[in-house]
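Quick mapping for you: the protein sequence lines, in order, are chains E and L. Each residue of the first sequence is one higher than the one before, counting from 934 in the numbering used here. Each residue of the second sequence is one higher than the one before, counting from 41 in the numbering used here. Backbone N, C-alpha and C fix where the C-beta goes; we use that ideal spot for every residue, glycine too. Have a look at the structure below, then the notes.
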Amino acid sequence: MTNQDEHKEGIGGMINPRRYGIERVAYLLMRLSGLGLLAYFIGHIYETSSILKGQIGWNEFLELTQTNEGHIILAIVIAMCVFHTVNGIRVMLGQGGVGVGKPARPDYPYIPASQNVRHKMGIYSAIILAAIAMMYGLAVMFGE
Amino acid sequence: MAQIPIITEASTTPSPKVITLRIARYNPQHDSNKKFMEFNIPYERWTTVLEAILEVKKYFDHSVAVRYSCRQATCGSCGMIINGKPRLACFTKISELNSNVVTVEPMNNFPVIRDLAVKFERLFNTHHKVKPYLIHDDSEITTDSKEFLQSPKELEKYIQFSNCIKCGLCNSACPTMATDSLFVGPQALAQAYRYVADSRDKGKDTRLKIIDESHGIWRCHFAGSCSQVCPKGVDPAMGIQLLRGYMLGFRS
Ligand code: HEM
Ligand code: SF4
Ligand code: FES
């Protein structure tokens, strides 16, 4: 069957964060920050390997991070790191069945207990902490 | 003596409110693309989207393909995308959509038969795969005097999940389903939990083994969209995480 026959929503539907609340936004940010950190990690190994070229090579490479662009990229890495870690802890707890509510007799209007305040607070905390860490990072880097 | 309320002229002839109903038309046998047909439909505060579609079938174009039966959120037939989100057409009032345009499309992640009707084979297969029945070596069939007693407390543990009407809205909202059609899906996983949590059932290990595969439970990322669209309060995301709690050893 082709994609059209299957009528799957595809990647566009998967990453669309607008329809299903903050939980779906967190899902998207988790994926993006995971992939972003992976990219940074690979770049980081490559960067630190320049020490094999001696002190001059190392310093030359390090200068890349001293530019405005370098500062901004590092600030984004800080934000991704904080969001991914804090939200990662929330996701791991949730996926182990912690804080997802207790089964009960459902009643109209059927508010799902798993989409509760505790998890929403976790997501907002992750976003706010990431923003604070990023701003602190920017202040330190640009304030030199 | 009973008072007869005075009916004013204004309340007997309210100005009819009208929406534009956009219906996706597509027949995979000979159309290359989905096209939309537009109809102006008058509605009241209580008119449902399904009623508006049936109005179209009755007065404008009877060839619109739509599946429905109970008209009361019980049969699970009328799931479709209404203004961008999966909903039951019979359980969605036009007035609650707060829009002058109502767009209806076939559910995502289900192959289209025609217009709004989609194929359910895959959902029924995955549902069947998790063994949606009580597994018990001492079944009612072999002994005729046996009763399976259950306390109200034991009932509470799974009753919410037995509310599922197999409408497929959850599978249509799921971000994993959007790219992986082999994924077992929130509907079937919630049903796996429904039987695992039943005090009369002995099939826990069998079911956990069935969903512990590469397109099984581990593909769930707890985005929760399934629970947000479920019209019956099943909350599949909760069931899935509780199930995973067993598998990870958080629960026993
Ligand atoms: C303390 C640190 C970390 C924690 C607690 C954490 C936690 C998690 C969790 C729970 C997931 C699964 C999310 C889901 O089910 O949707 C995940 C996904 C992922 N993580 Fe991390 N992680 C951490 C650090 C890192 C680092 C350093 C990297 C990169 C080198 C990374 C890269 C990824 C990637 C690529 C994914 C997959 C994204 C996806 O498919 O949605 N993580 N992480
Ligand atoms: S879990 Fe809810 S949304 Fe999914 S099929 Fe059952 S009733 Fe429909
Ligand atoms: S017609 Fe039965 S659920 Fe809508």
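Go to residue i, then tell me how far its beta strand (DSSP E) extends in each direction, as first and last residue.
i	result
threonine 216(L)	Element bounds for threonine 216(L): n/a, residue is neither H nor E.
leucine 61(L)	57-65
valine 141(L)	141-145
Check whether the Cβ atoms of residue i and residue j lie closer than 7 Å to each other.
i	j	result
proline 1036(E)	lysine 133(L)	no
valine 274(L)	cysteine 214(L)	no
arginine 62(L)	alanine 105(L)	no
glycine 256(L)	valine 224(L)	yes
proline 126(L)	aspartate 938(E)	no
isoleucine 93(L)	isoleucine 59(L)	no
methionine 902(E)	glycine 969(E)	It is not possible to answer for residue 902(E), since the shown part of chain E is limited to 934 through 1077.
isoleucine 121(L)	glutamate 145(L)	yes
asparagine 211(L)	glutamine 227(L)	yes
leucine 1062(E)	valine 1019(E)	yes
proline 271(L)	phenylalanine 131(L)	yes
glutamine 112(L)	glycine 1030(E)	no
glutamate 942(E)	alanine 218(L)	yes
leucine 209(L)	glycine 119(L)	yes
alanine 1072(E)	phenylalanine 1016(E)	no
valine 269(L)	glutamine 231(L)	no
leucine 248(L)	methionine 287(L)	yes
leucine 195(L)	aspartate 241(L)	no
Starting from residue i and walking both ways along the alpha helix (DSSP H), at which residues does that stretch end?
i	result
tyrosine 83(L)	Unbroken run through tyrosine 83(L) is the beta strand (DSSP E), 75-83; no alpha helix (DSSP H).
glutamine 988(E)	987-996
alanine 1064(E)	1050-1075
leucine 174(L)	Where leucine 174(L) is concerned, there is no enclosing alpha helix (DSSP H), given that its DSSP letter is neither H nor E.
serine 265(L)	265-269
isoleucine 199(L)	That residue, isoleucine 199(L), is in no alpha helix (DSSP H); it is neither H nor E in DSSP.
glutamine 231(L)	225-236
glutamate 980(E)	954-981
isoleucine 948(E)	943-948
With 16 other CB atoms within 10 Å as the buried threshold, where does residue i fall?
i	result
alanine 263(L)	buried
asparagine 138(L)	exposed
methionine 1054(E)	exposed
histidine 70(L)	exposed
cysteine 266(L)	buried
asparagine 140(L)	exposed
proline 1045(E)	buried
serine 982(E)	exposed
glycine 289(L)	exposed
serine 103(L)	exposed
glycine 124(L)	exposed
glutamine 1048(E)	buried
serine 239(L)	exposed
tyrosine 233(L)	buried
cysteine 110(L)	exposed
leucine 189(L)	exposed
histidine 168(L)	exposed
alanine 50(L)	Residue placement at alanine 50(L) is flagged as unreliable, the pLDDT there being 49, under the threshold of 50; the coordinate-derived value follows with that caveat. Classification of alanine 50(L): exposed, given that the 10 Å Cβ count is below 16.
leucine 90(L)	buried
Can you tell me whether residue i is helix, strand or coil according to DSSP?
i	result
threonine 1018(E)	helix
arginine 154(L)	strand
threonine 88(L)	strand
glutamine 69(L)	coil
aspartate 241(L)	coil
methionine 41(L)	Residue placement at methionine 41(L) cannot be trusted, given a pLDDT of 47 that sits under 50; what the coordinates show is reported in the next sentence. Three-state DSSP puts methionine 41(L) in coil, outside helix and strand.
threonine 1000(E)	coil
proline 1039(E)	coil
alanine 50(L)	With a pLDDT of 49 at alanine 50(L), under the threshold of 50, the modelled position of this residue cannot be trusted; read the value that follows with caution. If DSSP states are grouped into helix, strand and coil, alanine 50(L) belongs with the helices.
arginine 247(L)	helix
leucine 282(L)	helix
aspartate 938(E)	helix
arginine 259(L)	helix
arginine 951(E)	coil
phenylalanine 164(L)	helix
alanine 1008(E)	helix
glycine 1034(E)	coil
arginine 291(L)	coil
serine 135(L)	helix
glutamine 190(L)	coil
valine 274(L)	coil
glutamate 253(L)	coil
glycine 1027(E)	helix
leucine 222(L)	coil
lysine 97(L)	helix
glutamate 984(E)	The amino acid occupying residue 984(E) in the given sequence is isoleucine; glutamate does not appear at that position. Isoleucine 984(E): helix per DSSP, three-state reduction.
Minimum length 3: unbroken beta strand (DSSP E) runs contained in the region 101-132 of chain L: The region 101-132 of chain L contains these whole beta strand (DSSP E) runs: 119-122, 125-128.
Under a criterion of Cβ closer than 7 Å to any non-hydrogen atom of the ligand NAP, which residues qualify, in chain order? The ligand NAP is not part of the structure shown, which contains the ligand HEM, the ligand SF4 and the ligand FES as its ligands.
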